[in-house]
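Just so you know, our numbering puts 400 at position 145 of the sequence shown, and the rest follows in order with no gaps.
The structure appears below as structure tokens.
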Amino acid sequence: MKYLVLVMSLLVFVAGCASDATVKDDSQKQKTVKSQRTDDGISLNKEGISDKSLTDEQLKNVMNTIFTDVHFPYNKYDILEEDKASLRLKSDWLLKHPSVTLIIEGHCDDRGSSEYNLALGDQRAMSVKNFIVSLGVPAERIDTMSLGKEKPICTEENESCWGMNRRAHFILNR
């Protein structure tokens, strides 16, 4: 539920920051460009911005705000309804930054064998990749890998902790 509120707040903020800007080109013609400013200070527009102009700090901010982890129920790799809006936002950002590539890591909690969790982590990463590709991002820009239960972010033995570890994690590369 927290994730849904976070995603919806982020979507409202991004939509509320849309503006029209007037740009003059060399021939002194004016054109209007629809632009958006995200909370990380990166200006996006229909014509796109140079992905090379993204600083390491901006890329890190995007990873911490837009590319947050997606979580899964126990022994499942189906995308939850509440995560689909977040994945649409990620997809939109990727479509506006065509030279940025993505790695999706599939993770699991520590229950089950290493082999089982590696396979489940792969299914989770592929499920997320397929969803993003269905929204128009070219498949060749997205790599997947499974880390199974090998890189937990929480090591306590309780459902809350296990839930944090059942995730798809995102890494952006220029």
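Glycine residues also receive a C-beta, built at the ideal position from the N, C-alpha and C atoms.
Pick from the options that is closest to residue i, judged by C-alpha positions
i, options, result
"Thr399", "His352, Ile387, Lys351", "Ile387"
"Lys331", "Arg429, Gly403, Trp348", "Gly403"
"Glu395", "Glu370, Ser369, Leu350", "Leu350"
"Arg343", "Thr323, Arg429, Ser308, Glu312", "Thr323"
"Ser341", "Tyr329, Thr356, Ser354, Asn319", "Asn319"
"Ser354", "Ser308, Asn413, Tyr371, Glu411", "Ser308"
Beta-carbon proximity list for residue i, same chain, < 7 Å, skipping 5 on both sides
i, result
"Met419", "Ile408, Cys409"
"Ala380", "Ile359, Glu360, Gly361, Thr399, Met400, Ser401, Ala423"
"Leu373", "Ser401, Gly403"
Where residue i falls: helix, strand or coil (DSSP)
i, result
"Glu412", "coil"
"Phe425", "strand"
"Leu309", "coil"
"Glu405", "coil"
"Asn316", "helix"
"Leu335", "coil"
"Ala273", "Confidence at Ala273 is low in this model, with a pLDDT of 41, below 50, so its placement is unreliable and no value can be given for it."
"Ile376", "At residue 376 the sequence reads Gly, which differs from the Ile that was named. Helix."
"Val392", "coil"
"Asp365", "coil"
"Asp324", "coil"
Cut-off 6 Å between Cβ atoms - residues of its own chain near residue i, not counting five sequence neighbours on either side
i, result
"Leu214", "The chain is shown from 256 up to 429; residue 214 falls before or after that span and cannot be answered."
"Ser346", "Ile387, Leu390, Val392"
"Cys416", "Cys409"
"Leu314", "Leu427"
"Tyr329", "none"
"Trp348", "Ile321"
"Gln378", "Tyr332"
Contact belief for residue i with residue j at Cβ below 8 Å, rounded distance in angstroms
i, j, result
"Ile397", "Lys384", "5 Å"
"Ile426", "Ile358", "4 Å"
"Arg223", "His326", "As shown, the chain starts at 256 and ends at 429. That puts residue 223 outside it, with no answer to give."
Cut-off 8 Å between Cβ atoms - residues of its own chain near residue i, not counting five sequence neighbours on either side
i, result
"Ser369", "Gly403, Lys404, Glu405"
Taking three-plus beta-carbon pairs below 8 Å as touching, is the stretch 333-347 in contact with the stretch 360-371? The stretch 333-347, when compared against the stretch 360-371, does not touch it at the 8 Å Cβ threshold.
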